[in-house]
Amino acid sequence: MAGGTTARVHPGRRKGDPMLTRNGKPRLGPLNIRQLTAMLDKTQRKKDKAKLSREIARKQARLAV
Numbered sequence: 021m022a023g024g025t026t027a028r029v030h031p032g033r034r035k036g037d038p039m040l041t042r043n044g045k046p047r048l049g050p051l052n053i054r055q056l057t058a059m060l061d062k063t064q065r066k067k068d069k070a071k072l073s074r075e076i077a078r079k080q081a082r083l084a085v
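Here's what the structure looks like:
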């Protein structure tokens with residue numbers, strides 16, 4: 021990369037949301053248990069409910085130790 025050129029970035033990829041993955045799914049790691057339970061109450065899909073409940077259980081197990 022001579023001459024100070026920069027890599028071209030697609031306009032849709034310039035400002036990524038840190039709370040979403042690249043394909044738009046929410047990142048569950050940085051959320052706390054209260055936020056996860058709120059999401060669990062709002063969601064309808066069984067797949068998402070399973071993911072959220074598994075993440076809640078994982079975080080509660082880390083707090084118990």
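Start counting the sequence shown at 21; every next residue gets the next number (the numbering used here). Even glycine gets a Cβ: it sits at the ideal position worked out from N, Cα and C. Quick caveat, the model's predicted, so the values are computed rather than measured.
Report task. Pull up the distance between the alpha-carbon of Arg42 and that of Pro31, whole angstroms please. Result -> Locating residue 42 in the sequence shown gives position 22, counting from the first residue. Locating residue 31 in the sequence shown gives position 11, counting from the first residue. If I take the Cα positions, the gap works out to 14 Å.
Requested in this report: For the alpha helix (DSSP H) holding Ala77, just list the boundary residues, first then last.
Outcome: Against the sequence shown, residue 77 aligns to sequence position 57. DSSP places Ala77 in the uninterrupted alpha helix (DSSP H) bounded by Lys66 to Ala84.
Query raised in the report: Cα separation between Lys35 and Val29?
Result: Taking the first residue of the sequence shown as position 1, residue 35 is located at position 15. Taking the first residue of the sequence shown as position 1, residue 29 is located at position 9. In this structure, the CA atom of Lys35 is about 10 Å from the CA atom of Val29.
Query raised in the report: If you drop the 5 nearest sequence neighbours on each side, which residues of the same chain put their C-beta closer than 7 Å to that of Met21?
Result: Position 1 of the sequence shown, counted from the start, is the residue given in the question as residue 21. In this prediction, Met21 scores a pLDDT of 49, lower than 50, which makes its location untrustworthy; no coordinate-derived value is stated.
Query raised in the report: Is it the case that the CB of Arg82 approaches a heavy atom of the ligand MN more closely than 7 Å?
Result: Because no ligand of any kind appears in the structure shown, any question about the ligand MN cannot be addressed here.
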